[in-house]
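Report on the following structure.
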Amino acid sequence: MPTKRSLPGVLGAMTLALASVFAAGPAHAAPSAVAPTSSPAPARTELLPPGAGVSCSPGNFCASVWDPTANRFRVFSFYNCTRYYLSNWNDWGEAKNSQSGGAVATIYGSGGTVIRTFPADNSVYAANWTPVYSIRNC
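This is the structure:
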């Protein structure tokens, strides 16, 4: 003979079951590392160990940023004159402008405001990439 269940009884049992699930808290997955990228893609990238310093071929604006997926600095070599949009660029790195003809590289914040410029003088500059959303290399 089937057992009769009242609606309030079923709702109460479901409420208790849900309360026990939420009381245990959400399951936390370990945060996964995400590699820095740019769109469009740069002419090339390379990985360098910490302390190696950024190198930059003539005609490029180069930027190094920490890549947590490789535990190394990733150097982006931007050659084609365009605006590059950045993803997952965090913390400090370096920038070097090895372009010619006085090409100035500019980095922009979230609202398109200019954060900083880098002259084409082959000097290596420290750069905080966290607030940077895009780069125009020329």
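In terms of this note's numbering, the sequence shown has 94 at position 82, counting the first letter as 1, and numbering is strictly consecutive.
Ideal placement from N, C-alpha and C gives every residue a C-beta, glycine not left out.
Asked: Extent of the continuous beta strand (DSSP E) to which residue 78 belongs; Found: 73 to 79
Asked: Span of the beta strand (DSSP E) around residue 105; Found: 104 to 109
Asked: Inter-stretch contact at 8 Å, needing at least 3 Cβ pairs: the stretch 79 to 99 / the stretch 133 to 140; Found: no
Asked: Of the residues 58, 66, 55, 52, the one placed nearest residue 139, counting alpha carbons only; Found: 66
Asked: Own chain, CB closer than 6 Å to residue 149, minus 5 neighbours either side, in chain order; Found: 73, 90, 117
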